[in-house]
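Quick notes on the structure that follows.
Residue numbers (my numbering): 170 to 324.
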């Protein structure tokens with residue numbers, strides 16, 4: 170499923186309350202904060218909630234609560250690599266930008282998994298915390314996604 174990321178575009182001077190209305194108004198609850206199309210941050214309801222708890226008023230600009238250093242991927246990054254990164258970093262929404270950091274797409278983990286996305290995890294070593302501790306490594310695979318595990322060591 171391809172979504173129109175334009176629904177998620179918000180300027181840094183937009184009020185927090187207006188931003189909440191935008192990100193609550195459709196199925197992708199993230200704001201892509203931009204300056205003339207160039208990604209300068211992201212904002213989720215969690216960022217706004219933390220801002221409110223810190224005393225930032227709802228009429229303040231969203232730049233006061235945005236994540237000014239969001240993860241992003243470049244155009245041309247294979248979907249399998251994006252999916253693997255999103256799962257590894259527990260990221261639900263990933264902005265896609267061009268070489269000038271202009272937003273060109275927004276990847277949604279739920280959609281990628283529903284489309285049968287793929288990922289590869291290879292040549293990794295996972296080590297426990299110490300004697301008597303449980304090794305607890307898992308790959309969450311659902312919605313028809315396919316991953317390849319190869320040449321990994323768990324100790």
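The C-beta atom is built at its ideal place from N, Cα and C for all residues, glycine as well.
Cα-Cα separation, residue i to residue j
i	j	result
residue 276	residue 226	30 Å
residue 233	residue 265	23 Å
residue 184	residue 172	24 Å
residue 244	residue 222	36 Å
residue 201	residue 194	14 Å
residue 252	residue 278	7 Å
residue 181	residue 283	32 Å
residue 258	residue 240	10 Å
residue 214	residue 206	22 Å
residue 270	residue 224	31 Å
residue 261	residue 197	9 Å
Option in the options with minimal Cα separation from residue i
i	options	result
residue 175	199, 182, 281	199
residue 255	208, 280, 177	280
residue 273	210, 212, 242	242
residue 238	203, 214, 192	203
residue 210	268, 258, 197, 177	177
Three-state secondary structure assigned by DSSP to residue i
i	result
residue 338	Since the first residue shown for the chain is 170 and the last is 324, residue 338 is missing from the structure and cannot be characterised.
residue 219	helix
residue 276	strand
residue 231	helix
residue 261	coil
residue 243	strand
residue 172	coil
Own chain partners of residue i with C-beta closer than 6 Å, once the 5 adjacent residues on each side are dropped
i	result
residue 229	185
residue 267	244, 273
residue 235	202, 210, 212
Close Cβ partners of residue i (< 7 Å) along its chain, the five nearest in sequence each way excluded
i	result
residue 191	179, 200
Own chain, CB closer than 8 Å to residue i, minus 5 neighbours either side, in chain order
i	result
residue 188	179, 200, 212, 217, 231
residue 302	For residue 302, the predicted model reports a pLDDT of 43, less than 50, meaning its position is unreliable; a value from the coordinates is still stated below. There are no such residues.
residue 208	201, 202, 239, 241, 264, 266, 270, 271, 272
Counting beta carbon pairs with one atom in the segment 245-258 and one in the segment 215-224, are three or more of them shorter than 8 Å?
Using a C-beta cut-off of 8 Å, the segment 215-224 makes no contact with the segment 245-258, since fewer than three inter-stretch Cβ pairs fall below that distance.
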